[in-house]
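Trainee:
There are 2 protein chains.
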Amino acid sequence: MTVETASKYDQKLVYVLKTSAAIFAEKGYHSTSIRDIARATNMSLSGLYYYFGSKEELLFLIQDYCFSTVLGDCRRLLAGVDDPVRRLKLLIENHLNYFVNNMNEMKVLSHEANSIKGDLFKKVNSKKRQYVDLVMELLDEIARAHNVESIDLRVATFSLFGMMNWIYNWYNPRKDVDVAGLSQNITRIFLTGLLGGKAVKPDKLETGRESHLDRTVSVWQQ
Amino acid sequence: MTVETASKYDQKLVYVLKTSAAIFAEKGYHSTSIRDIARATNMSLSGLYYYFGSKEELLFLIQDYCFSTVLGDCRRLLAGVDDPVRRLKLLIENHLNYFVNNMNEMKVLSHEANSIKGDLFKKVNSKKRQYVDLVMELLDEIARAHNVESIDLRVATFSLFGMMNWIYNWYNPRKDVDVAGLSQNITRIFLTGLLGGKAVKPDKLETGRESHLDRTVSVWQQ
DNA sequence: ATATTATTCGAACAATCGTTCGATAATATA
DNA sequence: TATATTATCGAACGATTGTTCGAATAATAT
Numbered sequence: 000m001t002v003e004t005a006s007k008y009d010q011k012l013v014y015v016l017k018t019s020a021a022i023f024a025e026k027g028y029h030s031t032s033i034r035d036i037a038r039a040t041n042m043s044l045s046g047l048y049y050y051f052g053s054k055e056e057l058l059f060l061i062q063d064y065c066f067s068t069v070l071g072d073c074r075r076l077l078a079g080v081d082d083p084v085r086r087l088k089l090l091i092e093n094h095l096n097y098f099v100n101n102m103n104e105m106k107v108l109s110h111e112a113n114s115i116k117g118d119l120f121k122k123v124n125s126k127k128r129q130y131v132d133l134v135m136e137l138l139d140e141i142a143r144a145h146n147v148e149s150i151d152l153r154v155a156t157f158s159l160f161g162m163m164n165w166i167y168n169w170y171n172p173r174k175d176v177d178v179a180g181l182s183q184n185i186t187r188i189f190l191t192g193l194l195g196g197k198a199v200k201p202d203k204l205e206t207g208r209e210s211h212l213d214r215t216v217s218v219w220q221q
Numbered sequence: 000m001t002v003e004t005a006s007k008y009d010q011k012l013v014y015v016l017k018t019s020a021a022i023f024a025e026k027g028y029h030s031t032s033i034r035d036i037a038r039a040t041n042m043s044l045s046g047l048y049y050y051f052g053s054k055e056e057l058l059f060l061i062q063d064y065c066f067s068t069v070l071g072d073c074r075r076l077l078a079g080v081d082d083p084v085r086r087l088k089l090l091i092e093n094h095l096n097y098f099v100n101n102m103n104e105m106k107v108l109s110h111e112a113n114s115i116k117g118d119l120f121k122k123v124n125s126k127k128r129q130y131v132d133l134v135m136e137l138l139d140e141i142a143r144a145h146n147v148e149s150i151d152l153r154v155a156t157f158s159l160f161g162m163m164n165w166i167y168n169w170y171n172p173r174k175d176v177d178v179a180g181l182s183q184n185i186t187r188i189f190l191t192g193l194l195g196g197k198a199v200k201p202d203k204l205e206t207g208r209e210s211h212l213d214r215t216v217s218v219w220q221q
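Order-wise, the sequence lines are chains P and U.
Numbered by numbering that gives the first Met the number 0, the letters in the first sequence go through residues 0 to 221 in order.
Numbered by numbering that gives the first Met the number 0, the letters in the second sequence go through residues 0 to 221 in order.
#1: Can you list the residues of chain U that Asp35 (chain P) reaches, using a CB-CB cut of under 8 Å?
#2: What is the DSSP secondary structure of Val80 (chain P), reduced to helix, strand or coil?
#3: Am I right that Ser114 (chain P) and His29 (chain P) are in contact with their C-beta atoms under 8 Å? What's the rounded C-beta distance?
#4: Would you report the Cα separation of Gly79 (chain U) and Asn93 (chain U), rounded to the nearest angstrom?
#5: Let me know if Tyr8 (chain U) comes out buried or exposed under the rule of 16 or more other beta-carbons within 10 Å of its beta-carbon.
#6: Between U:Arg153, U:Phe157, U:Tyr170, which lies nearest to Thr222 (chain P) when the distance is taken from Cα to Cα?
#7: How long is the line joining the alpha carbons of Asn146 (chain P) and His145 (chain U), rounded to whole angstroms?
#8: Anything in the segment 162 to 179 of chain P with a Cβ closer than 8 Å to a Cβ of chain U? List those residues in chain order, please.
#9: Counting pairs of beta carbons, one from the segment 59 to 68 of chain U and one from the segment 52 to 60 of chain P, are three or more of them closer than 8 Å?
#10: Do you know how far the Cα of Lys197 (chain U) is from the Cα of Ser149 (chain U)?
#11: Would you tell me roughly how many angstroms separate the C-alpha atoms of Ile91 (chain U) and Glu111 (chain U), rounded to the nearest one?
#12: Quick check: is any heavy atom of the ligand ZN less than 7 Å from the C-beta of Val13 (chain U)?
#13: Between the alpha carbons of Tyr50 (chain P) and Lys11 (chain P), how many angstroms are there, rounded?
#14: Closer than 8 Å, CB to CB, is His94 (chain P) near chain U or not?
#15: Closer than 7 Å, Cβ to Cβ, to anything on chain U: give me those residues from the segment 140 to 161 of chain P, in chain order.
#16: Once you ignore the five residues that flank Ala5 (chain U) on each side, which residues in its own chain have a CB closer than 6 Å to its CB?
#17: Could you check the C-alpha separation between Asp175 (chain P) and Leu152 (chain U) for me, to the nearest Å?
#18: Residue ranges of each alpha helix (DSSP H) run of no fewer than 4 residues wholly in the segment 13 to 88 of chain P, ordered along the chain?
#19: Return the first residue and the last residue of the alpha helix (DSSP H) that Arg187 (chain U) is part of.
#20: Please determine if the segment 114 to 124 of chain U and the segment 124 to 143 of chain P are in contact, where contact requires at least 3 C-beta pairs separated by less than 8 Å.
#21: Determine the DSSP secondary structure at Gln10 (chain P), reduced to helix, strand or coil.
#22: Need the endpoints of the alpha helix (DSSP H) that Asn146 (chain P) sits in, please.
#23: With 16 as the cutoff for other CB atoms within 10 Å, does Asn164 (chain P) come out buried or exposed?
#24: To which residues of the same chain is Phe66 (chain U) closer than 8 Å at the C-beta, ignoring the five residues directly before and after it?
#25: Are the CB atoms of Leu138 (chain P) and Leu76 (chain P) nearer to each other than 8 Å?
#26: List, in order along the chain, the chain P residues whose C-beta lies closer than 9 Å to that of Leu181 (chain U)?
#27: Taking C-beta pairs closer than 7 Å, name the residues in chain P that Gly196 (chain U) reaches, listed in chain order.
#28: If you run the structure through DSSP and keep just helix, strand and coil, what is Ile115 (chain P)?
#29: Relative to the C-alpha of Glu25 (chain U), which candidate in U:Tyr64, U:Tyr167, U:Thr186 has its C-alpha closest?
#30: Within this structure, are the beta carbons of Ala39 (chain P) and Glu104 (chain P) separated by less than 8 Å?
#31: Taking Cβ positions only, does Arg187 (chain U) come closer than 8 Å to chain P?
#32: Nearest chain U C-beta to Asp202 (chain P) closer than 8 Å, yes or no?
#33: Mind checking if Gly52 (chain U) is an interface residue toward chain P, Cβ cutoff 8 Å exclusive?
#34: Which whole-angstrom value describes the C-beta separation of Gly161 (chain U) and Gly46 (chain P), a residue pair presumed to lie in contact below a C-beta threshold of 8 Å?
#35: If I follow the unbroken alpha helix (DSSP H) through Ala155 (chain P), where does it start and stop?
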């Protein structure tokens, strides 16, 4: 009953969400039946509905929980950092770090973005828009500061998101470079590309130790 | 009955594929029923099965036709061009050009890649692998030629694909930069980023006229 | 005009889906 | 122990799904 101990209910909810996310990630939301989830969680079909009101709400819970963490971690990490290049670098690190450590949930968030409708969609999407705006403003700031010309802001923004969010299609933690390397590579390609090869102070580009970046372990992983 | 006149059957098949791709792109493959397609094509439910054997084969026909065109156009375009930077630039142009002009089909190809199983999946995937290998070898060649270090080849390759294939999530032809601009932006960001700001002969980077690149109009658009 | 082929369709099938509901079990409270 | 609350479940419901099949129609050739 202490503060840090989640209730029995919450623990099981998290277990259900985590298990569901894994199945959604593997076979897709629409191809997954509640019966599949029941089987994987060792619960009954109807018993699951004690933890969510509908299949769509289940998807929402996964996406919302996931995205709230990314956004929260990001804000916490960027607080107090002024230099926009450094801020962007931290944002990329955070995004990729969370993505790799929560691949199932992030895949469900990226790939099933339109599998959710109505108000639940709006709720997730408003957070998404905040995040996109944050990146876009950051890039705008950087572009101005470095006199970057002839790069369209929207193209730049979504190119970055494309690089980062596409990884669920190919990244294999066991055979690919680790998160630090992934982050370093993507940051260099994108940032150098954006700046068109203009000089950036090395200390702003170099890969910082990750020590200041808590390894993002979501509540879902306990 | 001339060579260039497709048979009545082929014309209607193309019409079915194109219409289906539009619906798949809008509501997703699994959320689309054959009845939806029947309604949109003004055909009967069972009448559709004269043109495909199953829903999955319908998806395959869309993906296969689409990808074959991209790959074919690409090879034709690159034939005779030796310089790897130029080759890459042409490949990006072709990819984005086709993507923008066949957004529905390309979205279905990108987003429903795993909605297809078994042999049909293998068939599409083998072409995909050829395409990926082509890009990867190209990037490797470029990296060697320019002494690029500390960039992981797989990260670079899939970063490029991420930038290009993500566009179905955001690109709006009516409010965004046109294909030429899109291509130019993405090429500059990626290529300059890959080369780490190292000098590239300007004539290799500058946006060529698109005159030599036939506007990709698939058979599906008549 | 007739025979042949190509194309379309209505009606029905079995399977699977998300969801509900009343009953039961487990746990906490008194 | 008696009671209230929390958690779980089996069984069933109506709706929708992809697919089939034999007949009907249209188009074409003979």
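Glycine included, C-beta positions come from ideal geometry on N, C-alpha and C.
Mentor: Quick answer:
#1: The contacting residues do not exist; Asp35 (chain P) stays about 14 Å from chain U at best.
#2: If DSSP states are grouped into helix, strand and coil, Val80 (chain P) belongs with coil.
#3: With a Cβ gap of about 7 Å, Ser114 (chain P) and His29 (chain P) count as contacting.
#4: When rounded, the distance between both Cα atoms is 16 Å.
#5: So Tyr8 (chain U) counts as exposed.
#6: Since the first residue of chain P shown is 0 and the last is 221, residue 222 (chain P) is not available in this structure.
#7: The alpha-carbon atoms of Asn146 (chain P) and His145 (chain U) are separated by roughly 26 Å.
#8: Answer set for the segment 162 to 179 of chain P: Met162, Met163, Asn164, Trp165, Ile166, Asn168, Trp169, Tyr170, Asp175, Val176.
#9: Contact between the segment 59 to 68 of chain U and the segment 52 to 60 of chain P is absent: fewer than three C-beta pairs spanning the two stretches fall below 8 Å.
#10: Cα to Cα, Ser149 (chain U) sits roughly 14 Å from Lys197 (chain U).
#11: Taking the straight line from one Cα to the other gives about 22 Å.
#12: This structure simply doesn't include the ligand ZN, nor any ligand for that matter.
#13: Each residue's alpha carbon lies about 8 Å from the other.
#14: Using a CB distance cut-off of 8 Å, His94 (chain P) does not count as an interface residue toward chain U.
#15: Flagged, chain order: Ile150, Asp151, Arg153, Val154, Ala155, Phe157, Ser158, Phe160, Gly161.
#16: For Ala5 (chain U), where only same-chain residues beyond five positions count, there are no Cβ hits under 6 Å.
#17: Distance from the CA atom of Asp175 (chain P) to the CA atom of Leu152 (chain U), rounded to whole angstroms, is 10 Å.
#18: 33 to 40, 44 to 47, 54 to 77, all fully within the segment 13 to 88 of chain P.
#19: For Arg187 (chain U), the enclosing alpha helix (DSSP H) has its first and last residue at 178 to 194.
#20: Here the segment 114 to 124 of chain U makes no contact with the segment 124 to 143 of chain P; the two share fewer than three CB pairs at distances below 8 Å.
#21: Gln10 (chain P): helix per DSSP, three-state reduction.
#22: Boundaries cannot be given for Asn146 (chain P), as no alpha helix (DSSP H) includes it and DSSP labels it neither H nor E.
#23: Under this definition Asn164 (chain P) is a buried residue.
#24: For Phe66 (chain U), same chain residues with a beta-carbon under 8 Å away, outside a window of 5 residues either side, are Leu108, Val123, Lys126, Lys127, Tyr130 in chain order.
#25: When the beta-carbon positions are compared, Leu138 (chain P) and Leu76 (chain P) stay at least 8 Å from each other.
#26: Neighbours of Leu181 (chain U) across chain P, judged by C-beta separation under 9 Å: Asp151, Val154.
#27: Within chain P, the C-beta atoms nearer than 7 Å to that of Gly196 (chain U) come from Thr191, Gly196, in chain order.
#28: Reduced to three states, the DSSP call for Ile115 (chain P) is coil.
#29: For the set U:Tyr64, U:Tyr167, U:Thr186, the Cα lying nearest the Cα of Glu25 (chain U) is the one of U:Tyr167.
#30: For Ala39 (chain P) and Glu104 (chain P), no; Cβs fall outside 8 Å.
#31: For Arg187 (chain U), the answer is yes, since a Cβ of chain P falls inside 8 Å of its Cβ.
#32: Because Asp202 (chain P) sits at a pLDDT of 48, beneath the cut-off of 50, its placement in the model cannot be relied upon, and the point is left open.
#33: Taking Cβ atoms only, chain P never reaches closer than 8 Å to Gly52 (chain U), which makes this a no.
#34: Incorrect: roughly 40 Å between the Cβ atoms, too far for contact.
#35: That run of the alpha helix (DSSP H) goes 152 to 164.
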